[in-house]
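**Q** Going down the list, the protein sequences come from chains E and W.
Heads up: the first sequence begins at 0 in numbering that gives the first Met the number 0, then just goes up one per residue.
Heads up: the second sequence begins at 0 in numbering that gives the first Met the number 0, then just goes up one per residue.
Note that the Cβ used here is the ideal one computed from N, Cα and C, for glycine as well.
Mind having a look at this structure? Questions to follow.
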Amino acid sequence: MAWEFLTVYWREMIRFVRFRTQLFASLLQPALWMAFFGVAMSSNFSRFASAIPAPAGVVPVDYLTFMAAGVIAMTTLFTSLFGGISLLFDKNWGLMREMLASPMPRTHIMLGISLSGITKSFIQVAIIMAFGLLLGVQFFPGFPAVQIALSVLGIFAFVGVFSLGFLLFSSTISMRLESPEGLQGIITLLTLPLFFVSNALYPIQAFPPLLQVLSIYNPLTHLVSGIRYFALGNDFFAVGARYSSTTADVLGSFAYLVIFAAVMYLLARRTFQKAVVT
Amino acid sequence: MEGEDIIEVQDLEHTFDGFAAVRGISFTVRRGEIFSFLGPNGAGKSTTINILTTLLPLQKGTVRVAGYDVAREPGRVREAIGIVFQDDVLDRDLTVWETMEFHGRLYAIPRDERRRRIDNLLRVVELGPRRDERTKNLSGGMKRRLQIARGLMTRPEVLFLDEPTQGLDPQTRMRMWEYIRGVNVTGTTIFLTTHYMEEADMLSDRISIIDGGKIIVSGTPEELKNTLGEDVVYLETEDNTKARESLRGIGEIRSVTESPRGISITISADGSHCLPRIVDAVRGAGIGISSVNLKKPTMDDVFVHYTGRELRDEGA
């Protein structure tokens, strides 16, 4: 087993903590989403939602708690989509040549980048959860300590595999593009549909049929479902809709994300093996 | 192992979108020598070096480096070579030590060995006290030295230097030459590309002049300059006309012209070998000599002779 990808990881993490502005921005951004968008929306939504009472025996969940899962998912999406950008800079500044001319297998470049992207996502998710608790997000309602620990692991597993898929996607795009502006454009183009055609901020039950179908194929929907399953339980009521899910549903979502990541891996590997950078 | 060819290139061709950057070149580099590719920007030097270092895929021809075929065993080639790239290829935000550490880890050098080599090499290139400095704060010469140290870290059999002194001031350049010679003395073969005449002349054991994707001529710097056959000996004597007559018997003399104070003798062979006989002949005729000057052609003259134009620093 070769461990050179840890070298790429090591350098990425040095950069992460060294670029202070970027570091603070990436940590502050999700907290700001929670603080402003979350609080503003929840004060509105909770007013409407209270008109539809939760059925007996189902846990009612307030909007802030509901959307906290969405903010976790969205932050992971952004961070992962931008995760490959350092490859673009490496390529443009000639640094990529050092790695490509070394005996290190090329797949290790994308593995190192992915591992560092996942680490960054984990840090952000931990911050959102901690900050959410301060704002009044009620994750893990009535869970015993062991279940909370397992749930946190479950959330991280979902975030990890989702993040991996989009990091590999971002790496592939970055290796094929010439300019950071191009990547920026593609990311902007992708984020809107991915984010809004999903269950991140509102239930998809009320979507028109076409959007509903699209949202089911959206990896973000599966990430959000997984996070909610672990954070809120398998049967809860939020924004006027009941969410009940079985273990099979959650495993299905996880499998979907694993397949997505696997396809992205194959795509990225092909790109890296054929890459010519001089 | 001495005298063996460490780089063998046969009929190498490379085309970018219909533009032929390298048009059928063949050459060999012997183990332990300093070999230079001398030519203007755009001559095909970088393309060749990129193919030799496996950064560009081989299109046509055969290339063996350190005994391995670049197309079939690029991994082996990569393990055997070190590269110092043309422009400063350094992560601005890593420190000097981290730059070295990163490189050593890329090549999977075990930790203790790696740290030892880093300490040694930083001492050699006099960057030891700067080990915790970020590379963006280094001067141009320091950056280049760091890259040479990095290139040497893996103890390569061949070190590729792509325009190693481009953009450096003359003093720093001279010091870089000393480092490069020092590296070569320890047994590392050096392949360097340059568009500086005096650099190729000062450093190389052998030079290939490359222009328009083709090798125009190859040889040692002396051979190249001597083949021009235009060494000029300038003499000031007591009697220039008589001195001129006394030289009739020397076959290598191509022409003699008299100037107001002395005579210029153009020689078709190596002037340094001819000069003693010229002096003997003039003295033998009883004519006193007050001044002797031998002017050998420079690499500039060589380049102009073979390509029909001057090699200018195009500033790229």
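Which complete beta strand (DSSP E) runs does the region 235-296 of chain W hold, if anything under 3 residues is left out?
**A** 252-257, 262-266 and 288-294, all fully within the region 235-296 of chain W.
**Q** On the DSSP bridge list, what partners appear for ALA254/E?
**A** ALA254/E pairs with nothing; no bridge assigned.
**Q** If I follow the unbroken beta strand (DSSP E) through THR192/W, where does it start and stop?
**A** It spans 188-193 - the beta strand (DSSP E) in which THR192/W sits, taken as one unbroken run.
**Q** Which value, in whole angstroms, describes the spacing of the CA atoms of LEU318/W and LEU121/W?
**A** No answer is possible for residue 318/W: the residues shown for chain W start at 0 and end at 315.
**Q** Buried or exposed: which applies to THR74/E, given that a residue is buried once 16 or more other Cβ atoms fall within 10 Å of its Cβ?
**A** Buried: at least 16 other Cβ atoms inside 10 Å.
**Q** Return the residue from the list ALA20/W, THR153/W and VAL124/W that minimises the CA-CA distance to GLY41/W.
**A** Checked all of ALA20/W, THR153/W and VAL124/W; the closest Cα to GLY41/W is ALA20/W.
**Q** With a CB to CB cut of under 6 angstroms and the five nearest residues on each side skipped, what residues in its chain are close to PHE206/E?
**A** Closer than 6 angstroms at the Cβ level, and outside the excluded window around PHE206/E, lies no residue.
**Q** What are the start and end residues of each continuous beta strand (DSSP E) run of 3 or more residues lying completely inside the region 123-182 of chain W, in chain order?
**A** Counting only runs of 3 or more, we get 157-161.
**Q** Taking buried to mean at least 16 other C-beta atoms within 10 Å of its own C-beta, is THR64/E buried or exposed?
**A** Buried, because 16 or more other Cβ atoms sit within 10 Å of the Cβ of THR64/E.
**Q** Residues of the region 187-199 of chain E in Cβ contact with chain W at a cutoff of 7 angstroms, in chain order, please.
**A** Flagged: no residues at all.
**Q** Between the region 19-27 of chain E and the region 187-197 of chain E, can you find at least three pairs of beta-carbon atoms closer than 8 angstroms?
**A** Taking 8 angstroms as the limit for Cβ pairs, the verdict is that the region 19-27 of chain E does not touch the region 187-197 of chain E.
**Q** Quick check: is the beta carbon of ILE13/E nearer than 8 angstroms to any beta carbon in chain W?
**A** So yes, ILE13/E belongs to the interface.
**Q** If we cut at 8 angstroms on Cβ distances, does ASN49/W have a partner in chain E?
**A** Closer than 8 angstroms: yes.
**Q** How many Å lie between ILE127/E and PHE161/E at the Cα?
**A** Whole-angstrom Cα-Cα distance: 17 angstroms.
**Q** So the candidates are PHE302/W, LEU145/W, ASP90/W and HIS13/W; which of them puts its Cα closest to the Cα of HIS194/W?
**A** Answer by Cα proximity: PHE302/W.
**Q** When burial is assigned at 16 or more other CB atoms within 10 Å of the CB, is LEU149/E buried or exposed?
**A** LEU149/E is exposed by the Cβ-count criterion.
**Q** Please report whether the beta-carbon of ILE82/W lies at a distance below 8 angstroms from any beta-carbon of chain E.
**A** Output row for ILE82/W: interface = yes.
**Q** Would you kindly work out how many angstroms separate the C-alpha atoms of LEU342/E and THR98/W, rounded to a whole number?
**A** Residue 342/E is absent from the model: chain E starts at 0 and stops at 277.
**Q** Note down, in chain order, each residue of its chain lying with its Cβ closer than 8 angstroms to the Cβ of ASP118/W, except the 5 sequence neighbours on either side.
**A** The residues are GLY127.
**Q** Strictly below 7 angstroms CB to CB, what residues from chain E border VAL88/W?
**A** Near VAL88/W (Cβ distances below 7 angstroms), the residues of chain E are GLY93, LEU94, ARG96 and GLU97.
**Q** Determine the DSSP secondary structure at ARG227/E, reduced to helix, strand or coil.
**A** Residue state, collapsed to three classes: helix.
**Q** Alpha carbons only, please: which of PRO56/W, ILE189/W and GLU257/W is nearest the one belonging to ARG29/W?
**A** Per the Cα distances, ILE189/W.
**Q** Whose C-beta lies closer than 6 angstroms to the C-beta of ALA148/W among residues of the same chain, with five residues either side of it excluded?
**A** Within the same chain, ALA148/W has close Cβ partners LEU120 and VAL124.
**Q** Using a C-beta to C-beta distance shorter than 7 angstroms, which residues of chain W count as neighbours of ALA100/E?
**A** Simply THR52, THR53, LEU54, ARG77 and ILE82.
**Q** How many Å lie between VAL216/W and ILE206/W at the Cα?
**A** Approximately 8 angstroms, taken between the alpha carbons.
**Q** Mapping the DSSP letters down to three states, classify ASP312/W as helix, strand or coil.
**A** Here ASP312/W scores only 45 on pLDDT, less than 50, and its place in the model is too uncertain to base an answer on.
**Q** Please name the residue in GLY150/W, GLU156/W and MET196/W whose C-alpha comes closest to that of ILE178/W.
**A** As written in the sequence, residue 178/W is Tyr, which differs from the Ile given in the question. Closest by alpha carbon: GLY150/W.
**Q** So the beta strand (DSSP E) GLN146/E belongs to, where does it begin and stop?
**A** Run containing GLN146/E: none in the beta strand (DSSP E); it sits in the alpha helix (DSSP H), 144-175.
**Q** Would you tell me roughly how many angstroms separate the C-alpha atoms of ARG29/E and GLY111/E, rounded to the nearest one?
**A** According to the sequence provided, residue 29/E is Pro. The question's Arg does not apply to it. C-alpha separation (whole angstroms): 24 angstroms.
**Q** From the DSSP output, in three-state form, read off LEU200/E for me.
**A** Residue state, collapsed to three classes: coil.
**Q** Cutting at 6 angstroms between CB atoms, please list the residues of its own chain near ASP131/W, excluding the five before and the five after it.
**A** Excluding sequence neighbours, ASP131/W sits near THR94.
**Q** Is the beta carbon of PHE34/W less than 8 angstroms from the beta carbon of ASP204/W?
**A** Yes, they are a contact pair.
**Q** Chain E beta carbons: is any one of them nearer than 8 angstroms to that of LEU93/W?
**A** So, interface residue.
**Q** Comparing C-alpha positions only, which one of LEU86/E, THR270/E, SER101/E and LEU193/E sits nearest to LEU182/E?
**A** Measuring from the Cα of LEU182/E, the nearest candidate turns out to be LEU86/E.
**Q** Of the choices ARG115/W, GLY283/W and TYR305/W, whose alpha-carbon is the least far from that of ILE214/W?
**A** When only C-alpha atoms are compared, the closest one is TYR305/W.
**Q** Using CA coordinates, which residue listed in LYS90/E, PRO59/E and MET109/E is at the minimum distance from LEU167/E?
**A** Ranking LYS90/E, PRO59/E and MET109/E by Cα distance to LEU167/E puts MET109/E first.
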